[in-house]
Amino acid sequence: MPQLAIYRKYRPATFEDLLGQEMVVKILKGAAKSDKLAHAYLLAGPRGTGKTTTARLIAKIANCEKRALDAKFRAQGEPCNECSACRAIDDGSSMDVVEIDAASNRGIDEIRNLKESVRVSPSSSRYKVFIVDEAHMLTKDAWNALLKTLEEPPQYVIIILATTEMEKVPPTISSRTQKFFFKRASREEIVSKLKRIIQAENIKIASEALDLIASSAEGSFRDAESLLDQLVAFGDRNISLKEVEEMIGKVGFDKLSDFAGFLIQNEAGKALAALAVIADGGFNLTQFTKDLIEYIRRVAVLKINPEMKAAFASELMEDHLEKILNHAKLFEPRHLALLKGLIAAYGQMRYSQFPIIPLEVAIAENAQ
Ligand SMILES: Nc1ncnc2c1ncn2[C@@H]1O[C@H](COP(=O)(O)OP(=O)(O)OP(=O)(O)O)[C@@H](O)[C@H]1O
Ligand SMILES: [Mg+2]
Ligand SMILES: [Zn+2]
């Protein structure tokens, strides 16, 4: 049997398992408990934060057979995940839950089908649920067709739009929906999800390595889970920091911090030598510069306002934050020129055949 991708295997099956979206969970669970679902939802937010997952949870809440029969269970506000309706939604075979991918074909035919399909009552469930994923890709015609349906949805219809680009949804549409805004996942939330997975899968991984995966996922649970998937793809159940660094082309925190230390303490020679090692290691230098800018920015912010420590706490491990605080003690106004130099270098590197040179120039300028 082929292995199920981690991100699919560990898709939250209940609202309780949906991490970092407290507001969404609170409201939808409340609606599920009192059995008051809306006819149209708009789920908006960054990639990999739980929109499609939530759309399917709403569909399960709507059609779960155990919920229909058991008032006590219904009051828990979760789907059972065991009845035939729940299982059909999970494996995509439900006749009454239609997923439309607006990104392919820009949704024209699909929305036309939807218009016809809403007129026919559900075949075996209570509701007919239409999930329009990547809704921002719909054409004007498709939006118009959808609007007609949203204006007068039959009692048994629920329409769920999911999008990463809320501003592309016409106001006439969004004002007819109940809206939920999904947040970028914090490093901490991603780490806690990854920890659950490695425990269940019996994977051993250094905590620095886990941290690097989480921080490189840039707020997306799915990206983090896909990285973990790639790392274990060859049957490796013991993952080191080095493997993660090599796989994602991004250096771990300690290397980054040492490097920033050289710059802050005016040790350009050491910085250039370390840079050569990093370049030889095949790391992505543009990414490295971006990480460096982010690091020195945090140093500067903490110098000006040490209270900001609290704001960084969910993005950084404690000992990492400690290192940044120590660098903040050494930070002087002249280092702002360093920060500006790195930002300029970053802009040039992205289009350069020789990305290392702008970075070397920035380092040399800082040394003077
Ligand atoms: N809030 C969350 N809590 C726990 N896991 C999550 C969460 N959001 C996403 N995931 C993980 O990421 C995977 C992908 O999530 P999902 O498909 O819901 O993302 P999405 O918001 O629809 O992303 P996209 O905009 O790229 O379509 C899930 O299968 C799950 O493993
Ligand atoms: Mg999605
Ligand atoms: Zn069920």
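Under the working numbering, the very last position in the sequence shown is 371; numbers go up by exactly one each time.
No residue lacks a Cβ here, since even glycine has one placed at the ideal position from N, Cα and C.
Under DSSP, A47 shares a beta bridge with T166 and F184. With 16 or more other Cβ atoms inside 10 Å of its own Cβ, D214 counts as buried. Its Cα nearest to that of G80, the residue A62 stands out among D94, A91 and A62.
At least one heavy atom of ligand 3 falls within 7 angstroms of the beta-carbon of E68. DSSP, read as helix, strand or coil, puts D94 in coil. Among the bridge pairs identified by DSSP, F224 is matched with none. If you check the CB distance, P15 and G53 come in under 8 angstroms. Note on R59: 16 or more other CB atoms within 10 angstroms of its CB, so buried under the neighbour-count rule.
Boundaries of the alpha helix (DSSP H) around D214: S210 to S219. Under the 10 Å beta carbon count, A227 is surrounded by 16 or more other beta carbons and is classified as buried. Bounds of the alpha helix (DSSP H) holding E191 are R190 to E204. Here T175 is exposed. Its C-beta has fewer than 16 other C-beta atoms within 10 Å. Per DSSP, reduced to three states, the secondary structure at N66 is helical. Every unbroken stretch of the beta strand (DSSP E) spanning 3 or more residues and falling wholly within the region 121–152 is given here in chain order: 131–136. Between T57 and L21, the CB-CB gap stays under 8 angstroms.
Secondary structure note for V100: its beta strand (DSSP E) is the uninterrupted segment V100 to D104. I242 is bridged by DSSP to I208. If you draw a straight line from the Cα of H323 to the Cα of G23, it comes to about 22 angstroms.
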